[in-house]
Amino acid sequence: MTGPLRDQPWGLQIIEYMISKCCPHHRINRMTWHQGGILILTYLAYTCYHMTRKPMSIVKNVLSFNCSTLSPPPNFLINSSNRDTWCDWAPFDTADAPALLGILDSAFLFAYAAAMFLSGFIAERVNLRYFLTFGMLASGISCYLFGIARPYNIHNLWYFVLIQAIGGVFQTSGWPGVVTVVGNWFGKGKRGLIFGIWNSHTSLGNILGSLIAAEFVESDWGLSFMVPGIIMGFAGFIIFLFLAPNPIDIGCIPPVPTKYRKFDTVHSSDEDSGAENCDQSYSRLTYRCAYREQVDIDDVEIARSETSPILQRHRHVQEIHTGNAIGFAKAMMIPGVIEYSLSLFFAKLVSYTFLYWLPLYIAASTTYSTTLSADLSTFFDVGGIVGAIAAGILSDYSGTSALTCAVMFGFAVPILFIYDYIGSTGWTFNIILLLIAGLLVNGPYALITTAVSAELGTHPSLGNNSKALATVTAIIDGTGSIGAAVGPLLAGVVARWTGWHNVFYMLMIADMLALLLLSRLVYRDVQVYRRRRRAI
1 MTGPLRDQPW GLQIIEYMIS KCCPHHRINR MTWHQGGILI LTYLAYTCYH
51 MTRKPMSIVK NVLSFNCSTL SPPPNFLINS SNRDTWCDWA PFDTADAPAL
101 LGILDSAFLF AYAAAMFLSG FIAERVNLRY FLTFGMLASG ISCYLFGIAR
151 PYNIHNLWYF VLIQAIGGVF QTSGWPGVVT VVGNWFGKGK RGLIFGIWNS
201 HTSLGNILGS LIAAEFVESD WGLSFMVPGI IMGFAGFIIF LFLAPNPIDI
251 GCIPPVPTKY RKFDTVHSSD EDSGAENCDQ SYSRLTYRCA YREQVDIDDV
301 EIARSETSPI LQRHRHVQEI HTGNAIGFAK AMMIPGVIEY SLSLFFAKLV
351 SYTFLYWLPL YIAASTTYST TLSADLSTFF DVGGIVGAIA AGILSDYSGT
401 SALTCAVMFG FAVPILFIYD YIGSTGWTFN IILLLIAGLL VNGPYALITT
451 AVSAELGTHP SLGNNSKALA TVTAIIDGTG SIGAAVGPLL AGVVARWTGW
501 HNVFYMLMIA DMLALLLLSR LVYRDVQVYR RRRRAI
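Structure representation (structure tokens):
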């Protein structure tokens, strides 16, 4: 190497040193090897983000006035003063508990929605390895602090609200961080199916969070938060040791868009050889980046120095002209951005209502224990994994993302109605309907936040504006996050005053509105599909 590598993670240095000593004559496709590692690390990171969000929905059963459905923990001494309220926790020990718990959900989700735009702005200007590490450690600490309320006997409502709000702010580091890292390593060519499989980290995190929290909820609910918090912190340390946010950080040549390869014919052999690809000198990489006058959105990240631990200070790569960042007004003029943003508002309203209230609803509508209700709720997330993959496959096959989302929204309405009325009649109905509901509710939500956002952020009307994708993603996901904050809050109030049936009616109306907001795009998709079929 004739030049220094950029802030190569310590863990990767150790692994590569060991490989060079153990297999000195074995040629390894390092680019492919590192890309596989990036998928694993980003998947692990966002799985942990969602794992720490889930315990709140599990612990609601023991925080609120619900002792009749629970058994005292082992070795718990019941006396006259705690015989009826041993499982309550002030200030959630009144009839207003659903509304108060809804406030906690909203504190987290509104803080998350408000901070998302700022987090995306910061993520573009810092080393993403440090950004994700700090975000994961801070998120783990906030989750842990909520759990210590039990051993330290904390009953102040504002303490819980503050911890939830702080957690919401730090959780925003996850999505822009992992999406940008994946974009740096794989470019913008990944769509439906790949995004659907990768996006299953959301549902897997919910499942793990439910199972871990359920393990401790009836004996010591504080551990339901503390254990996920510790796991989150440990995962953040793994990210610090092994994550390389950009291929150039470890001496690899980043993905080059097809339409710009004419500038790099002299290096065409390097593109095809993973071993040579990552063994080029740093000065040569700098030359290749500076040689192209026109760049794609993925190339912009190459020009950003991430050597500084936090803020960019030194540029080892020449600055590439990429145009000014577009404003929100221009981004909203991209065809489809407004419709998908508003549709995602209602889609996330439904999804996050299930995320935060499903275990409590199952316990309230059946005779199942808190642990059993938590375990049963994971089938909704299992269905969500299948739904994300199915939506990606259908979108790729048909080329009609809006139509795919609309069909799923349409079928979700009768499934929610059926689940509300017969889901609690037995195990079989509950599991089957939860699987179907998770598929239909989370499928379009996953498709819009990944493949659709990437497609709109690289719309032909934008040319090669490097910052359009981040802005479009912020608008769509930010609008959806507001819906995610509104849904659990409304669910708590509606459940308290009018009952759970009306909560499901609210969710059905939200899905119908999400469908109606896509009607213009659905019509366009149908027209395009018909023309394509006639041309065959």
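Anchor point for the sequence shown: position 498 equals 498 in full-length UniProt numbering, and the numbering is continuous, going up by one each time.
Quick reminder that beta carbons are idealized off the backbone N, C-alpha and C, glycines included.
Only a predicted model underlies this, so the values are computations on that prediction, with no experimental measurement involved.
For this session: Using the Cα positions of Q312 and I475, report the straight-line distance between them to the nearest angstrom.
Result: Below a pLDDT of 50, predicted positions are generally treated as unreliable, and Q312, at 41, falls in that range; no measurement from the model is reported.
For this session: Give the range of the alpha helix (DSSP H) segment to which T378 is assigned.
Result: Its alpha helix (DSSP H) spans residues T370 to S398.
Problem set entry | Cβ shell of R532 (< 7 Å), same chain only, five flanking positions each side left out | Sequence-distant partners of R532 (beyond 5 residues in either direction) whose C-beta falls short of 7 Å from its own C-beta are missing from its chain.
For this session: Let me know the alpha helix (DSSP H) ranges lying completely inside the segment 151-231, each 4 residues or longer, listed in chain order.
Result: As summarised for the segment 151-231, the continuous alpha helix (DSSP H) elements at least 4 residues long and confined to that stretch are 157-171, 174-186, 192-198 and 201-216, given in chain order.
Problem set entry | In chain order, each alpha helix (DSSP H) run of at least 4 residues that lies wholly inside the segment 487-534 | Runs found: 500-517.
Problem set entry | Residues of its chain near G11, where Cβ-Cβ distance is below 6 Å and the 5 sequence neighbours each way are ignored | Result list for G11: L241 and F242, in chain order.
Exercise. Taking the alpha carbon of L521 as the point to measure from, which residue in M31, G499, G478 and V452 has its own alpha carbon closest?
Worked result: The residue with the shortest Cα to Cα distance from L521 is V452.
Exercise. Just reading off the alpha helix (DSSP H) that R30 is part of, what are its end residues?
Worked result: From DSSP, the alpha helix (DSSP H) with R30 extends over R30 to R53.
For this session: Please say whether G147 and G222 have beta carbons closer to each other than 8 Å?
Result: Result yes, Cβ atoms of G222 and G147 sit closer than 8 Å.
Problem set entry | Integer-rounded CB distance, given that L447 should sit under 8 Å from C405 | Contact check for C405 and L447: beta-carbon distance about 6 Å, within the 8 Å limit, so the pair qualifies.
Exercise. What does a CB cutoff of less than 7 Å around T42 pick up in its chain, not counting 5 residues either side in sequence?
Worked result: Excluding residues within five positions, the ones whose Cβ falls inside 7 Å are V178, V181 and V182.
Problem set entry | Alpha-carbon spacing of A214 relative to A535, whole angstroms | Each residue's Cα considered, the two are about 55 Å apart.
Exercise. How far does the alpha helix (DSSP H) with N442 in it reach, from first residue to last?
Worked result: In the DSSP assignment, N442 falls within the alpha helix (DSSP H) that extends over W427 to L447.
For this session: Over the uninterrupted alpha helix (DSSP H) stretch that includes L403, give me the two end residues.
Result: Note, L403: alpha helix (DSSP H), S401 to I422.
For this session: Under 8 Å by Cβ, that's how I've got F170 and A138 pegged, so tell me the actual separation to the nearest angstrom.
Result: That belief holds up - the Cβ atoms of F170 and A138 are roughly 4 Å apart, short of 8 Å.
Problem set entry | Neighbourhood of M226 by C-beta, 6 Å cutoff - its chain only, sequence neighbours within 5 removed | Cβ neighbours of M226 within its own chain (closer than 6 Å, five residues either side excluded): Y144 and G147.
For this session: Below 7 Å CB to CB, which residues in the same chain sit around A390 once its five sequence neighbours on both sides are set aside?
Result: The answer, listed in chain order, is L439 and G443.
Exercise. Which same chain residues, not among the five before or five after I431, have their C-beta less than 6 Å away from its C-beta?
Worked result: Correct list, in chain order: F379.
Problem set entry | When I482, A491, L507 and L360 are compared against residue 574, the one with the closest alpha-carbon | Residue 574 is absent from the model: the chain starts at 1 and stops at 536.
For this session: Could you tell me which of M116, V441 and R524 sits nearest to A510, measuring between CA atoms?
Result: Nearest to A510 by C-alpha distance, out of M116, V441 and R524, is V441.
For this session: For the alpha helix (DSSP H) containing S351, list its first residue and its last residue.
Result: Per DSSP, the continuous alpha helix (DSSP H) segment holding S351 begins and ends at V337 to S365.
For this session: Count the C-beta pairs between the segment 101-114 and the segment 479-493 that are closer than 8 Å, then say yes if the count reaches three, no if not.
Result: A contact exists between the segment 101-114 and the segment 479-493.
For this session: Kindly indicate the opening and closing residues of the alpha helix (DSSP H) around W89.
Result: Unbroken run through W89: none, as it is neither H nor E.
Problem set entry | Cβ-based burial, R129 [other Cβ within 10 Å; buried from 16] | Its Cβ being crowded by 16 or more others within 10 Å, R129 is buried.
Exercise. From what residue to what residue does the alpha helix (DSSP H) around S20 run?
Worked result: Here the alpha helix (DSSP H) through S20 covers W10 to C22.
For this session: Return the chain-ordered list of same chain residues with a C-beta closer than 7 Å to the C-beta of F409, the five sequence neighbours on each side being excluded.
Result: Excluding its 5 nearest sequence neighbours in each direction, F409 has C-beta neighbours in its own chain below 7 Å: P444, D511, A514 and L515, listed in chain order.
For this session: For G205, collect the residues of the same chain with a Cβ closer than 6 Å to its Cβ; drop the 5 residues on either side in sequence, then sort them by chain order.
Result: Its chain contains T47, H50 and M51 as the residues whose beta carbon lies nearer than 6 Å to that of G205, once the 5 sequence neighbours on both sides are disregarded; these appear in chain order.
Exercise. Going by Cα to Cα distance, which pick from G102, G37, M18 and P55 is closest to R496?
Worked result: The option with the nearest alpha carbon to R496 is G102.
Problem set entry | Local Cβ density within 10 Å of residue 545, reported as buried at 16 or more and exposed below that | The displayed coordinates of the chain run from 1 to 536. Any statement about residue 545 would go beyond what the structure contains.
Exercise. Which of helix, strand or coil does DSSP assign to S481?
Worked result: When DSSP states are grouped into helix, strand and coil, S481 belongs to the helix group.
For this session: Would you mind sorting A244 into buried or exposed? The rule is 16 or more other CB atoms within 10 Å of its CB.
Result: Within 10 angstroms of the beta-carbon of A244 lie 16 or more other beta-carbons, which makes it buried.
Problem set entry | alpha helix (DSSP H) segments (min. 4 residues) lying fully within the segment 95-142 | Look at the segment 95-142 and you find these whole runs of alpha helix (DSSP H), each 4 residues long or longer: 97-123.
Exercise. What does a CB cutoff of less than 7 Å around D420 pick up in its chain, not counting 5 residues either side in sequence?
Worked result: Hits under 7 Å: H501 and F504.
Exercise. Given a threshold of 16 other Cβ atoms within 10 Å of its Cβ, counted over all protein chains shown, does K21 qualify as buried or as exposed?
Worked result: Exposed, since its Cβ has fewer than 16 Cβ neighbours within 10 Å.
Exercise. Count the other CB atoms within 10 Å of the CB of M333; is the residue buried (16 or more) or exposed (fewer)?
Worked result: Around the beta carbon of M333, a 10 Å sphere encloses fewer than 16 other beta carbons of the protein chains shown; the residue is thus reported as exposed.
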